[in-house]
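Everything on this sheet refers to the single structure shown next.
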Amino acid sequence: MIFVTVGAQMHFDRLIRAVDEWAAARGRRDVFAQIGPADYTPKHVEHARFLEPPEFDRRYREATLIVAHAGTGSILQAMELATPILVMPRRAALRETRNDHQVATAERFGKLGVPVAWDETELASKLDRSDVLASERRIGPDASPELLDRIRSFLSRR
Amino acid sequence: MRGFRRRRPRVLAISSGGGHWIELMRIRRAFEDCEIVFATVSDAYRSHVPDARFHVVPDATRWDRVNLARCAARVAWILAKERPDFVVSTGALPGFFGVVLGKATGARTLWLDSIANVEELSMSGARVGRFADLWLTQWPELARPGGPEYAGAVL
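Order-wise, the sequence lines are chains A and B. Note that this note's numbering numbers the first sequence so that position 156 is 156, with each residue one more than the last. Note that this note's numbering numbers the second sequence so that position 98 is 1098, with each residue one more than the last.
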């Protein structure tokens, strides 16, 4: 099952449409999309606007591939589960977000081996090769020991 | 004063939803020796922290004055009720109010800039930094004297 998620705050029709058209072209019926406040309604894949965290978490665990906007939470959750993820960043110029923080997030996680599609064409071509989108890097449930120690040390001085 | 009455420090950990909440979850191990209270924007996140006290705050954006006021009022109410020794936040606006109002009520405050933030875009970090006793960035190249400190990331 491919689980598509774009968060809850703003539309990301460009990603939803690209996945919808890809699923139609390839005859894929095993795709579910959480589309947020979208203007575009998928015609070929099952979808919901929003999912509550328990339902969202279940779909994450059951997915064999996550396709997501380049949101920190989406990427971190996939890395915790070692589920392959393919991300496409939102663009401020296209009014998909208010600033280009997702471009920076995609660049940063891209360096760690997270596959990034920079546009819809690349998204479709990477989905065609999604069997090789292995998520090399599994992360534990916690932040780096250095960060946890720094916070503990701060909290030890009242 | 408040420290004398309790053996373990009380920490209010507050954030909005989505990635901010996920980042907060990834630092929660640092709260193990504390009495922890969570506040976030959806009751559904309670399932992630079933053993902790939990408050819901209205979400808000900078462009929505009515919800801004409701969010600030709710955070003030939580601070008055819980009287935390520390306020820790990973953003965004509920955390901003948590740190600013928490500082005003005498708590020590920690602001962790999201890993999604880059310097010129981190509005909330730039505004909240001076209210934080400890201001952390997750980008080593953004650390600077008088600005955020780098001490690792949520990865």
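The C-beta atom is built at its ideal place from N, Cα and C for all residues, glycine as well. Being a predicted model, the structure only gives us computed values, none of them experimental.
**OP:** Pull up the distance between the alpha-carbon of G73 (chain A) and that of T5 (chain A), whole angstroms please.
**Re:** In the first sequence, residue 73 (chain A) corresponds to position 73, counting from 1. In the first sequence, residue 5 (chain A) corresponds to position 5, counting from 1. Each residue's alpha carbon lies about 11 Å from the other.
**OP:** Check each candidate in B:A1116, B:I1027, B:T1109 and name the one with the smallest Cα separation from W1135 (chain B).
**Re:** Against the second sequence, residue 1135 (chain B) aligns to sequence position 135. Nearest C-alpha to W1135 (chain B): B:T1109.
Subject >> Buried/exposed call for P1050 (chain B), threshold 16 Cβ in 10 Å >> reply: By one-based count along the second sequence, residue 1050 (chain B) stands at place 50. Exposed.
Subject >> Within chain B, the residues that I35 (chain A) reaches when beta carbons sit closer than 7 Å >> reply: The residue labelled residue 35 (chain A) in the question sits at position 35 within the first sequence. Residues of chain B passing the Cβ test: none, with the nearest at roughly 15 Å.
Original post:
Between which two residues does the beta strand (DSSP E) carrying Q34 (chain A) extend?
Top reply: Position 34 of the first sequence, counted from the start, is the residue given in the question as residue 34 (chain A). Note, Q34 (chain A): beta strand (DSSP E), 31-34.
Original post:
Name the chain B residues whose beta carbon is nearer than 8 Å to that of G73 (chain A)?
Top reply: Within the first sequence, numbered from 1, the residue matching residue 73 (chain A) stands at position 73. Under the 8 Å cutoff, chain B gives G1018, G1019, H1020, W1021, I1022, E1023.
**OP:** Starting from W22 (chain A), follow the alpha helix (DSSP H) in both directions and report where the run begins and ends.
**Re:** Position 22 of the first sequence holds residue 22 (chain A). 13-26 is the extent of the alpha helix (DSSP H) around W22 (chain A).
Original post:
Given that F1038 (chain B) touches chain A, what residues does it touch there, using C-beta distances under 7 Å?
Top reply: Numbered from its first residue, the second sequence carries residue 1038 (chain B) at position 38. Within 7 Å Cβ-Cβ: nothing; F1038 (chain B) doesn't reach chain A, min ~13 Å.
**OP:** State yes or no: is the C-beta of S1042 (chain B) within less than 8 Å of the C-beta of L1093 (chain B)?
**Re:** Within the second sequence, residue 1042 (chain B) is the residue found at index 42, counting from 1. Within the second sequence, residue 1093 (chain B) is the residue found at index 93, counting from 1. No. Outside cutoff.
Original post:
For T5 (chain A), which of helix, strand or coil comes out of DSSP?
Top reply: Locating residue 5 (chain A) in the first sequence gives position 5, counting from the first residue. Three-state DSSP puts T5 (chain A) in a strand.
**OP:** Just the C-alpha distance for R1046 (chain B) and M1025 (chain B), rounded to the nearest angstrom, thanks.
**Re:** Indexing the second sequence from 1 puts residue 1046 (chain B) at position 46. Indexing the second sequence from 1 puts residue 1025 (chain B) at position 25. Approximately 12 Å, taken between the alpha carbons.
Original post:
Using a Cβ-Cβ cut-off of 7 Å (strictly less than) and excluding sequence neighbours within five positions of G1091 (chain B), which residues of its own chain qualify?
Top reply: Taking the second sequence and counting its residues from 1, one reaches residue 1091 (chain B) at position 91. Closer than 7 Å at the Cβ level, and outside the excluded window around G1091 (chain B), lie S1015, S1016, H1020, S1114, S1124.
Subject >> As assigned by DSSP and simplified to three states, the class of M79 (chain A) >> reply: Residue mapping note: residue 79 (chain A) aligns to position 79 of the first sequence, counting from 1. M79 (chain A) falls in the helix class under three-state DSSP.
Subject >> Close Cβ partners of V1075 (chain B) (< 8 Å) along its chain, the five nearest in sequence each way excluded >> reply: Translated into positions along the second sequence, residue 1075 (chain B) becomes position 75. Excluding positions up to five away in sequence, the list reads I1014, A1039, V1057, P1094, F1097, G1098, L1101.
Subject >> For K43 (chain A), the nearest candidate out of A:I16, A:R61, A:E120 (CA to CA) >> reply: As a working note, residue 43 (chain A) is residue 43 in the first sequence. For the residues A:I16, A:R61, A:E120, the minimum Cα distance to K43 (chain A) belongs to A:I16.
Subject >> Exposure of D128 (chain A), with buried meaning 16 or more beta-carbon neighbours within 10 Å >> reply: Position 128 of the first sequence, counting from 1, holds the residue named residue 128 (chain A). Counting Cβ neighbours within 10 Å, D128 (chain A) comes out exposed, since fewer than 16 surround it.
**OP:** For C1034 (chain B), decide whether its Cβ has a neighbour in chain A, counting only Cβ atoms nearer than 8 Å.
**Re:** Here residue 1034 (chain B) corresponds to residue number 34 of the second sequence, with the count starting at 1. True, the Cβ-Cβ gap to chain A drops below 8 Å.
**OP:** Look up G1003 (chain B) in the DSSP assignment and say whether it is helix, strand or coil.
**Re:** The count along the second sequence starts at 1 and reaches residue 1003 (chain B) at position 3. Since pLDDT at G1003 (chain B) reaches only 49, below the 50 mark, its modelled position is unreliable, and the value read off the structure follows with that caveat. Helix.
Original post:
Expressed to the nearest angstrom, what Euclidean distance is found between the alpha-carbon atoms of I2 (chain A) and L65 (chain A)?
Top reply: Here residue 2 (chain A) corresponds to residue number 2 of the first sequence, with the count starting at 1. Here residue 65 (chain A) corresponds to residue number 65 of the first sequence, with the count starting at 1. Cα to Cα, the separation comes out at about 5 Å.
Original post:
Taking Cβ-Cβ distances shorter than 8 Å, what residues in chain A pair up with R1026 (chain B)?
Top reply: The residue given as residue 1026 (chain B) occupies position 26 in the second sequence. Those within 8 Å of R1026 (chain B) in chain A are L76, P141, D142, A143.
Original post:
Quick one: complete beta strand (DSSP E) runs, 3+ long, within the stretch 1055-1108 of chain B?
Top reply: 1086-1089
**OP:** Put L147 (chain A) into one of helix, strand or coil per three-state DSSP.
**Re:** If you number the first sequence from 1, residue 147 (chain A) lands on position 147. In this structure, L147 (chain A) counts as helix in the three-state DSSP scheme.
**OP:** Give a yes or no on whether 8 Å exceeds the smallest Cβ distance from P1009 (chain B) to chain A.
**Re:** Numbered from its first residue, the second sequence carries residue 1009 (chain B) at position 9. True, the Cβ-Cβ gap to chain A drops below 8 Å.
Subject >> Selection from B:I1027, B:E1023, B:V1037, B:I1022 that minimises the alpha carbon distance to R1008 (chain B) >> reply: Residue mapping note: residue 1008 (chain B) aligns to position 8 of the second sequence, counting from 1. Of the listed residues, the one whose Cα sits closest to R1008 (chain B) is B:V1037.
Original post:
Do the stretch 138-149 of chain A and the stretch 79-96 of chain A meet, that is, are 3 or more Cβ pairs less than 8 Å apart?
Top reply: Contact between the stretch 138-149 of chain A and the stretch 79-96 of chain A is present: 3 or more CB-CB pairs across the two stretches fall below 8 Å.
**OP:** May I ask which residues mark the beginning and end of the beta strand (DSSP E) holding R108 (chain A)?
**Re:** By one-based count along the first sequence, residue 108 (chain A) stands at place 108. Premise fails: R108 (chain A) lies in the alpha helix (DSSP H), 101-111, not in any beta strand (DSSP E).
Subject >> Where the stretch 1071-1087 of chain B meets chain A: residues whose CB sits under 7 Å from a CB there >> reply: D1085, F1086
**OP:** Go through its chain and collect everything with a Cβ distance to A24 (chain A)'s Cβ below 8 Å, but skip five positions before and after it.
**Re:** Counting from 1 along the first sequence, the entry for residue 24 (chain A) is found at position 24. Result list for A24 (chain A): K43, H44, in chain order.
Subject >> Beta-carbon spacing of E120 (chain A), M10 (chain A) below 8 Å >> reply: Sequence index remark: in the first sequence, residue 120 (chain A) carries index 120 (1-based). Sequence index remark: in the first sequence, residue 10 (chain A) carries index 10 (1-based). Taking 8 Å as the Cβ cut-off, E120 (chain A) and M10 (chain A) do not qualify as a contacting pair.
Original post:
Just reading off the beta strand (DSSP E) that L133 (chain A) is part of, what are its end residues?
Top reply: The residue you call residue 133 (chain A) lines up with position 133 of the first sequence. No beta strand (DSSP E) holds L133 (chain A); DSSP gives it neither H nor E.
Subject >> chain A contact for M1001 (chain B) (CB, 8 Å cutoff) >> reply: By one-based count along the second sequence, residue 1001 (chain B) stands at place 1. Annotation note: pLDDT 49 at M1001 (chain B) (below 50); position unreliable, coordinate value reported separately. False, the Cβ-Cβ gap to chain A never drops below 8 Å.
**OP:** Could you tell me if S1089 (chain B) is buried or exposed, where buried requires 16 or more neighbouring beta carbons within 10 angstroms of its beta carbon?
**Re:** Against the second sequence, residue 1089 (chain B) aligns to sequence position 89. When all chains shown are included, S1089 (chain B) counts as buried.
Subject >> Coarse secondary structure for V1128 (chain B), derived from DSSP in three states >> reply: Locating residue 1128 (chain B) in the second sequence gives position 128, counting from the first residue. V1128 (chain B) falls in the helix class under three-state DSSP.
Original post:
Less than 8 Å separating the beta-carbons of Q1138 (chain B) and A1126 (chain B)?
Top reply: Numbered from its first residue, the second sequence carries residue 1138 (chain B) at position 138. Numbered from its first residue, the second sequence carries residue 1126 (chain B) at position 126. The answer is no: Cβ separation not under 8 Å.
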